[in-house]
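Numbering (the working numbering), first residue to last: 474 to 816.
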Amino acid sequence: MGLKEELNVILQEAGKEVKKIKDKKLFDEIRVKFLGKKGELKNILGKLGSLSVEEKKEIGQLANEVKDKIQEMIDEASERIEKQERSARLKKGVGDISVSRDIPPIGYYHPLTVVLERMIGVFKNMGFTVEEGPELEEEYYNFDALNIPWYHPARDDHDSFYISKGKLMRTHTSPMQARIMEKRKPPLAVVVPGRCFRRDAVDATHGHTFYQMEGFVVDKHITFADLKGTLLTWAKMMFGPQTQIRMRPDYFPFTEPSGEVGVTCPVCGGKLCPVCKHTGWIEIGGCGMIDPEVLKNVGYDPENVSGFAFGMGLERIAMTVYGIRDIRYFMENDMRLLEQFVK
Ligand SMILES: [Zn+2]
């Protein structure tokens, strides 16, 4: 048998074997057998040495054609089998079950976020708008505009992180009272949640970073009764309809008169428990009528408009709602704590 015939036989054999294949993995074996380094085509080419130049050329060309045809047959068959496998999978009604899928664990809301969103919901229902302000604040808005000039002793209560001259991390959310009133005319009803910073020593009830929610209302004829009604409504919506509030005299430079606000302990309902330190009451913040000096600073006429303001500590409220005893837990991001607040 001449080399030409041998090449034809190889082509036919390869054709037969490719047709038989049902498993993709076997294509490699065929490729090696016919086209590999020690395969049948290479074997033929090894015999070219004894031929004339003309014959070498002719057989070499034919060998190349046979090689291309075999490769083509393998490619076609492999594609056909892949299609069959895919349609079989689809008929079964499943996707590609060979792909493994790791489902990530479910995330949790931080308890402060949960309380903050509840607070915002309650105040929005009462007609308040929600605003945010800068954490890096100007000394003017943090103190001076709020009736706390540089010589005022109240500045001692606000141990501050100064970043540069005249700029500090805000020590409360109250600067936003001045910023908002300066830009707009009454009537105003706004709450401002946000992070505040003080150089306090950290213990179970104090942090250097904490959340406040500021709220204020300014309009004609706003009185202390409006303040009381607003806070009572908030407390009932937040802690339940049986909740009562109490207000006791306090002092803040930017409100006159000023008070501290307490709610009946939502944990024991006034029957005394460790959360309320056996008093039946929980202090949640400060409040008062906006001082006329503050109104003047933003260009309002205190003879014409009046307003009230309040500030609440979100950690304090969250600690009460969830019975968390140590304020430091909020900053530690311990999953064992956070996992308990799936929303
Ligand atoms: Zn209690």
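Even for Gly, the Cβ is constructed at its ideal location relative to N, Cα and C.
Please read all numbers here as calculations on a predicted model, not as lab measurements.
Check: Since F689 sits in a beta bridge, which residues does DSSP pair it with?; Outcome: V663, A782
Check: Can G753 be considered in contact with ligand 1, in the sense that its beta carbon sits closer than 7 Å to one or more heavy atoms?; Outcome: yes
Check: Just checking my contact of P739 with T716 at CB under 8 Å: how many whole Å lie between their CB atoms?; Outcome: 7 Å
Check: Indicate the three-state DSSP secondary structure (helix, strand or coil) for R721 in the structure shown.; Outcome: strand
Check: From this set, L524, A536, R504, N516, which residue's C-alpha is nearest Q818's C-alpha?; Outcome: The question about residue 818 has no answer, for the chain in this structure spans 474 to 816.
Check: Could you please give the first and the last residue of the uninterrupted beta strand (DSSP E) stretch that includes S551?; Outcome: Unbroken run through S551 is the alpha helix (DSSP H), 526 to 565; no beta strand (DSSP E).
Check: Quick check for students: name the residue ranges of the beta strand (DSSP E) that lie wholly in the stretch 591 to 658, counting only runs of 3 or more.; Outcome: 609 to 611, 635 to 637, 640 to 642
Check: Any chance you could list the beta strand (DSSP E) runs of at least 3 consecutive residues sitting entirely within the stretch 723 to 787, in chain order?; Outcome: 728 to 737, 754 to 763, 779 to 786
Check: Quick check: the stretch 667 to 684 against the stretch 598 to 613, are there 3 or more CB pairs under 8 Å?; Outcome: yes
Check: So does V675 have its beta carbon nearer than 7 Å to some heavy atom of ligand 1?; Outcome: no
Check: Which of the three DSSP states is assigned to T716 in this structure?; Outcome: coil
Check: When you compare each of F725, A618, I757 to A708 by their alpha carbons, which one comes out closest?; Outcome: I757
Check: Count the CB pairs spanning the stretch 629 to 637 and the stretch 591 to 600 that are closer than 8 Å, and state whether there are at least three.; Outcome: no
Check: With a threshold of 7 Å, establish whether the CB of L745 neighbours any heavy atom of ligand 1.; Outcome: yes
Check: Using the beta-carbon count (16 or more within 10 Å), is L563 buried or exposed?; Outcome: exposed
Check: Rounded to a whole number of angstroms, what is the C-alpha to C-alpha distance between A674 and F781?; Outcome: 31 Å
Check: Return the Cβ separation of L508 and L514 in integer angstroms, given the expectation that the two are a contact with Cβ distance under 8 Å.; Outcome: 6 Å
Check: Less than 7 Å between C-beta atoms, sequence neighbours within five positions excluded: which residues of the same chain meet that for L810?; Outcome: Y802
Check: Decide if S525 is buried, meaning its Cβ has at least 16 other Cβ atoms within 10 Å, or exposed.; Outcome: exposed
Check: In the DSSP assignment, what are the bridge partners of H679?; Outcome: D676
Check: Pull the bridge partners of R668 from the DSSP assignment, please.; Outcome: Y684
Check: Using DSSP with H/G/I as helix, E/B as strand and the rest coil, what is K493?; Outcome: helix
Check: Quick one: what's got a C-beta closer than 8 Å to I817's C-beta in the same chain, skipping five residues either side?; Outcome: No statement about residue 817 is possible, as the shown extent of the chain runs from 474 to 816 and does not include it.
Check: When you measure from the CB of C669 to every non-hydrogen atom of ligand 1, does any distance come out below 7 Å?; Outcome: no
Check: Closer than 8 Å by C-beta to R591: which residues in its own chain qualify, once you throw out the five before and the five after it? Chain order, please.; Outcome: M711
Check: Return the Cβ separation of T646 and E687 in integer angstroms, given the expectation that the two are a contact with Cβ distance under 8 Å.; Outcome: 4 Å
Check: Take the Cβ of A651 as the centre, count every other Cβ of all protein chains shown within 10 Å, and call the residue buried at 16 or more, exposed below.; Outcome: buried
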